[in-house]
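Everything below concerns the one structure shown next.
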Amino acid sequence: MGTEFADGLSPHACKEVLFNEKCIEKGNEFVTEANWSDLTEEALIDIFSRLDLEERWNSSFVCKSWFRASHNPFFWQVVDFEKYFARGRDTALLWTTEFQKRIDKMVKVAVDCSGENLRELHVRHCSDESLAYLAQRCPNVQRLSIKACQNVTDMSVCRIASGCPKIEELDISYCHNISCASLEKIGANCKYLTTIKRNMLNSLDPSEHRGVVPTEYVRMAPLSGDEEAAVFVKSVPNLKHLEMKFSKLSPKGLKALVDGCPNLEHLDLFGCSNLRSRELEYASANAKNLKVLIKPNFFIPRATIYEVRYGHWQLYDERFQTSAFQF
C-alpha cells in the first residue's frame with residue numbers, strides 16, 4: 001500500500017484515476033462511471049502533484065485540460081532526470097549526438113513549462129544549446145547538476161553565471177570542456193554558491209568506462225586540479241561542500257584549499273592519487289569546520305599496479321595506504 005494522503009488517495013490510486021476514462025470510488029475500489037476529463041484544472045493539479053515527472057508528462061497527451069494542468073509552472077520547480085539515468089547501465093549510446101539532441105529538447109521543454117519558477121535541474125548529456133536557453137529564462141535556479149556533458153563549454157557556463165546568480169549548488173562532474181575561466185566567472189557572479197562537485201572519471205581503473213565513454217573525450221580530462229583549487233579559493237569564499245574525486249590535485253593545491261576555504265565542511269578526495277597521508281593529516285588538523293573528509297583510498301586493479309609500480313612499494317605505502325588494496 002502506498003502513502004495515503006489526507007483525502008484517502010494514494011499515489012497508486014491517483015494513477016488509476018488518471019488512466020481510466022471514467023472512474024469513481026466504490027468501497028475500496030475504483031470503478032469506471034465518471035468522465036475524468038471534465039475535472040476542473042484545480043482538481044487535476046491536485047492529482048498530478050502526486051505523480052512523478054514521467055507519469056505527469058505521459059498524462060499530458062490525453063486531452064487539452066490534462067495538457068494545461070500538467071504544464072502548470074508549479075510542477076516544474078524541480079526537474080530531475082538523474083533517476084532515469086540511474087535506472088540502467090551506462091552505454092555508448094548516451095554519448096551520441098542523437099541522444100544529446102533528445103536531452104536538449106527535454107531541457108528546453110522543462111524550461112518553457114517552468115517559466116521563471118525553475119529552482120533545480122538535474123540532467124546529463126546536454127549541450128551548450130539547452131544551457132544557454134536555460135540561462136536566458138530561469139534566473140531563479142538554485143541547484144544545477146549537468147554531469148557528463150561532453151559538449152558543455154565555457155560559453156554556456158559563463159551565460160549561466162550571468163543569468164542564474166542565485167545558484168547555491170553546482171555539479172559539473174565529468175565535464176571536460178569547462179575551464180578555469182568560466183569557473184572563476186561562476187564564483188564571481190554566484191554569491192550564494194556553497195557546493196561544487198567537480199569529480200573526474202576514474203583514471204586508475206579505465207575499465208569502468210572503456211567502451212562507453214569516447215576515448216578522445218577521456219583523454220581531454222582536465223589536468224588542472226591545482227588551478228581549479230586556486231579558483232575556488234579566490235572566487236568562492238563561502239565554499240562548504242567540495243568534491244574532487246580522481247582530480248590531479250597536488251599537496252600544494254590541497255593546502256591552498258584548506259587555508260583559503262575556512263568554511264569547508266565536506267571534502268571528497270577519493271581517488272586523488274597525488275595526495276599523501278601527511279597532507280590529509282594537515283587538512284584534518286587545520287580545516288576547523290571540516291566534518292567529512294573522504295580520503296583517496298581506492299582499489300587499483302592488479303594489472304594497473306604491475307604497469308606502474310616498478311618496484312616502488314615505498315611510494316605506494318606512503319601515498320595509497322596499501323592496506324586498502326583489494327586483489
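Under UniProt numbering, the sequence shown has 21 at position 21, and the numbering climbs by one with no breaks. Think of the CB as a built atom: it goes at the ideal place given N, C-alpha and C, for glycine as much as any other residue. Since the structure is predicted, the reported quantities are computational estimates derived from the model, not experimental observations.
Sequence-distant residues of its chain with Cβ nearer than 7 Å to residue i (five each side left out)
i           : result
residue 332 : The displayed coordinates of the chain run from 1 to 327. Any statement about residue 332 would go beyond what the structure contains.
LEU183      : GLU228, VAL231
ASP226      : LEU249, SER250, LYS252, GLY253
ASP104      : CYS126, SER127, GLU129, SER130
Three-state class that DSSP yields for residue i in the structure shown
i      : result
VAL107 : helix
LEU201 : coil
THR194 : coil
ILE178 : coil
ILE172 : coil
ALA303 : For ALA303, the pLDDT reaches just 45, beneath the cut-off of 50, and the residue's location in the model is therefore unreliable, leaving the point undetermined.
GLU25  : For GLU25, the predicted structure reports a pLDDT of 47, less than 50, and the residue's modelled location is therefore unreliable. A value from the coordinates is still provided. Strand at GLU25.
LEU39  : coil
PHE30  : Caution is warranted here: a pLDDT of 48 is assigned to PHE30, below 50, making its placement in the model unreliable, and no coordinate value can be reported.
ASP52  : coil
LEU267 : strand
LEU293 : strand
Cβ shell of residue i (< 8 Å), same chain only, five flanking positions each side left out
i      : result
GLU279 : PRO251, LEU254, LYS255
Contacts around residue i, its chain only, beta-carbon distance under 6 Å, and the 5 residues preceding and following it disregarded
i           : result
SER156      : ASP128, LEU131, ALA132
ILE196      : LEU170, LEU242
SER203      : PHE246
LEU134      : VAL111
LEU94       : HIS125
ASN199      : SER173, GLU243, LYS245
THR304      : Any reading at THR304 must be qualified, since the residue scores a pLDDT of 44, below 50, and its modelled position is unreliable; no value is offered.
PRO165      : ASN189, CYS190
ALA287      : VAL258, LEU264
VAL79       : ALA110, LEU121
residue 333 : With the chain covering 1 to 327 only, the question about residue 333 has no answer from this structure.
ASN177      : THR153
GLN100      : HIS125, SER127
ALA221      : HIS176, MET200
ALA161      : LYS185, ILE186, ASN189
Distance, residue j Cα to residue i Cα
i      : j      : result
VAL152 : ILE172 : 9 Å
PRO73  : ASN189 : 26 Å
GLY163 : ILE186 : 10 Å
PRO262 : ALA148 : 30 Å
THR194 : LEU239 : 4 Å
LEU121 : ASP259 : 32 Å
PRO214 : ASP205 : 15 Å
PHE67  : GLU208 : 41 Å
ILE294 : CYS272 : 10 Å
ARG210 : LEU201 : 11 Å
PRO139 : VAL123 : 18 Å
ALA69  : THR40  : 9 Å
LEU269 : LEU275 : 9 Å
GLY2   : SER49  : For GLY2, the pLDDT reaches just 41, beneath the cut-off of 50, and the residue's location in the model is therefore unreliable, although a value from the coordinates is still provided. Computed Cα separation, rounded: 15 Å.
GLU116 : GLN77  : 9 Å
GLN136 : LEU223 : 31 Å
ILE47  : PHE61  : 16 Å
VAL236 : ALA181 : 14 Å
ARG102 : SER114 : 19 Å
HIS71  : ILE45  : 9 Å
GLU55  : MET106 : 15 Å
SER65  : ALA92  : 39 Å
ALA283 : LEU53  : 42 Å
ILE167 : ALA285 : 30 Å
GLU98  : SER277 : 45 Å
TYR192 : LYS234 : 15 Å
Contact belief for residue i with residue j at Cβ below 8 Å, rounded distance in angstroms
i      : j      : result
SER145 : GLU82  : 7 Å
GLN150 : TYR217 : 5 Å
ARG159 : GLN142 : The pair is not a contact, with the Cβ atoms about 17 Å apart (cut-off 8 Å).
CB contact below 9 Å: residue i versus chain C
i     : result
ASP52 : Any reference to chain C falls outside this structure, which holds one protein chain only.
Proximity test, residue i beta-carbon vs the ligand NAD heavy atom, cut-off 8 Å
i      : result
GLU184 : Questions concerning the ligand NAD fall outside what the structure shown contains, since it holds no ligand whatsoever.
> Unbroken beta strand (DSSP E) runs of length 3 or more, entirely within the region 91-169: which are they?
Replying inline: Runs of the beta strand (DSSP E) spanning 3 or more residues and lying entirely within the region 91-169 occur at 120-124, 143-147, in chain order.
> Hey, which unbroken runs of the beta strand (DSSP E) at 3 residues or more fall wholly within the region 195-257?
Replying inline: Counting only runs of 3 or more, we get 195-197, 241-243.
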